[in-house]
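Protein chains: 2
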Amino acid sequence: MPYQLHYWPGIQGRGEFVRLALEAAGAPYVDVARGEASAGQGVPALLQCLQDASNTRPPFACPVLVDGKKVIAQTAAILLYLGPRLKLVGASETDRLWTHQIQLTIADAVDQAHNTHHPVGSSLYYEDQKPEAERAAKEFRSQRMPKFLGWLETVLARNPKGDRHLVGARLSYADLSLFQLVEGLRYAFPRASGRALKKTPRVLALHERVAQQRRVAAYLRSERRIPFNEDGIFRRYPELDG
Amino acid sequence: MPYQLHYWPGIQGRGEFVRLALEAAGAPYVDVARGEASAGQGVPALLQCLQDASNTRPPFACPVLVDGKKVIAQTAAILLYLGPRLKLVGASETDRLWTHQIQLTIADAVDQAHNTHHPVGSSLYYEDQKPEAERAAKEFRSQRMPKFLGWLETVLARNPKGDRHLVGARLSYADLSLFQLVEGLRYAFPRASGRALKKTPRVLALHERVAQQRRVAAYLRSERRIPFNEDGIFRRYPELDG
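Chains as they are written, first to last, in the numbering used here: chain A, 1 to 242; chain B, 243 to 484.
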């Protein structure tokens with residue numbers, strides 16, 4: 001039975017980290033909310049999943065992965081679950097924990113990138129928090145983005161198996177998430193990320209290698225990849241790029 | 243060999259979620275940065291751990307747990323590692339993943355509580371972002387805090403093993419983290435959290451039970467428990483409590 005991914009249909013968002021893992025592994029999955037309501041899919045199916053009163057382990061929010069009877073939310077927890085099944089993580093507990101630690105740190109970077117356009121709160125429009133957003137974005141561009149990218153560069157530089165992957169000598173879900181983080185930063189902050197990435201050549205090179213992985217490349221060319229837009233986590237507001 | 247916990251010595255912060263797990267299990271540990279520099283501890287030892295150039299798996303930030311040769315960062319990853327070792331999580335993969343999913347959701351709530359006093363950025367003082375903080379706190383009080391507490395109430399209400407614990411019929415690290423979240427919200431937002439917690443009696447009752455667990459109670463009375471203060475995640479700024 002294919003995996004079911006439940007995520008908002010119009011954006012990459014946090015669901016994209018799960019999509020990339022499923023796509024890179026060639027795993028069969030249904031992107032439920034993007035299907036037709038007449039086929040029992042679409043947003044109604046997503047809402048039913050979120051609001052299912054019979055679920056004794058209810059998700060707080062999307063993304064949600066359904067694998068048979070299992071219903072798993074929280075991006076990092078989904079990747080923790082999928083990693084071994086999709087062969088996107090090493091076999092040892094130590095490698096799995098380190099890969100997860102990197103994922104959680106990338107998730108922090110993603111949260112902080114989101115915070116640049118919604119520093120006051122997610123329930124308000126960007127237009128209602130623009131002055132706050134300009135200040136938050138300046139902090140992110142000058143302090144946080146270089147720090148996160150610099151840490152990823154160090155992780156690559158110190159990997160005893162070489163700097164082609166974050167963990168060991170094989171592709172992991174952390175590599176895929178690094179790709180998505182860089183892709184998002186380049187979209188949202190083309191100028192600031194360009195400056196920062198000049199100092200992290202290993203990060204940039206890994207981003208390129210992931211983009212060229214056969215299945216990832218096919219996915220990125222397909223209609224399954226939703227283009228970046230100003231409803232997602234990474235938004236191109238030129239006034240926030242300094 | 244006792245575990246080593248590395249965290250900033252003056253605040254509970256994210257380190258507290260790890261401390262509570264170690265304390266509730268009665269596990270031997272050293273709170274490194276709170277020791278004496280003359281004994282090879284204190285903040286110099288913490289900084290050495292963070293900056294150790296020979297570490298091929300460097301932490302991005304505190305808290306860091308050292309267990310022999312293993313160096314693990316990210317609060318949720320540390321708890322994922324400690325859970326089985328401290329018997330603070332169920333034995334099955336399903337229970338472990340669900341406990342982790344709850345932990346990650348509590349971590350999101352903690353991040354958003356922190357954001358109320360630092361919406362623009364962590365590198366600036368609260369005093370330099372007060373207008374932004376007032377708006378962010380209003381959002382948090384009215385929207386996010388009730389939503390997170392309501393979800394935890396639902397998790398308790400739907401637990402097939404009863405509403406005394408978040409997962410199964412035994413204490414898990416998620417219960418301890420719920421305790422800390424409630425404790426922090428009550429400190430930072432005494433009025434708003436009072437209103438919200440009236441609607442979540444199961445959350446409140448679990449908070450009380452955790453506080454009365456023998457080892458936790460002894461810890462809370464001890465000097466090892468750092469009092470809340472205005473350098474931590476949960477800060478009492480009356481103007482942010484509505």
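Note that the Cβ used here is the ideal one computed from N, Cα and C, for glycine as well. From a predicted model like this one, the values you see are computed outputs, not experimental measurements.
Proximity to A:Pro28 across A:Arg170, A:Leu185, A:Arg191 and A:Asp67 peaks at A:Asp67, based on C-alpha coordinates. Against chain A, a Cβ distance below 7 Å from B:Pro361 picks out Pro119, Val120, Glu132 and Ala136. Shortest Cα-Cα distance from B:Gly474 to any of B:Met243, B:Pro244 and B:Gly257 involves B:Gly257. Contact note: A:Ile72 reaches chain B through Leu339, Trp340 and Gln343, using a C-beta cutoff of 9 Å and chain order. Annotation: Cβ neighbours of A:Arg57 in chain B (cutoff 7 Å, chain order): Trp340. Residue contact with chain A for B:Phe302: present (Cβ-Cβ distance below 9 Å to some residue of chain A). Look at A:Tyr81: its C-beta is under 9 Å from a C-beta on chain B. Taking the beta carbon of B:Val397 as reference, the chain A residues within 8 Å of it are Arg57 and Pro58, listed in sequence order. Taken in chain order, the complete alpha helix (DSSP H) segments of 4 or more residues contained in the segment 161 to 204 of chain A are 173 to 188 and 190 to 198. In the structure shown, A:Val32 falls within a helical segment according to DSSP collapsed to helix, strand and coil. DSSP places B:Asp309 in the uninterrupted beta strand (DSSP E) bounded by Val306 to Asp309. With a beta-carbon spacing of about 6 Å, A:Pro119 and B:Val362 fall inside the 8 Å limit used to define contacts. Assignment of alpha helix (DSSP H) within the segment 55 to 134 of chain A, counting only whole runs of 4 or more residues, yields 75 to 85 and 93 to 115 in chain order. Non-local C-beta neighbours of A:Gln213 in its own chain, meaning closer than 8 Å and more than five positions away in sequence, comprise Ala24 and Leu171, ordered along the chain.
With a threshold of 9 Å between beta carbons, A:Glu139 makes contact with chain B. For A:Leu124, a Cβ of chain B is located within less than 9 Å of the residue's own Cβ. The C-alpha of A:Lys69 lies about 29 Å from the C-alpha of A:Gln180.
Beta-bridge pairing by DSSP links A:Leu5 to A:Asp31 and A:Leu65. The contact set of A:Asp111 on chain B, defined by CB atoms closer than 7 Å, consists of Asp353 in chain order. A Cβ-Cβ separation of about 11 Å leaves A:Pro59 out of contact with B:Thr396 under the 8 Å criterion.
Sequence-ordered contacts of the segment 403 to 428 of chain B with chain A read Val409 [C-beta pairs closer than 9 Å]. When the alpha-carbon of B:Arg463 is set against those of B:Tyr249, B:His356, B:Gly255 and B:Leu262, the nearest one is in B:Leu262. Taking 7 Å as the upper bound on Cβ-Cβ separation, chain B lies near no residue of the segment 207 to 229 of chain A. Shown here for B:Met243: same chain residues with a beta carbon closer than 7 Å to its own, the five before and five after excluded, namely Gly310 in chain order.
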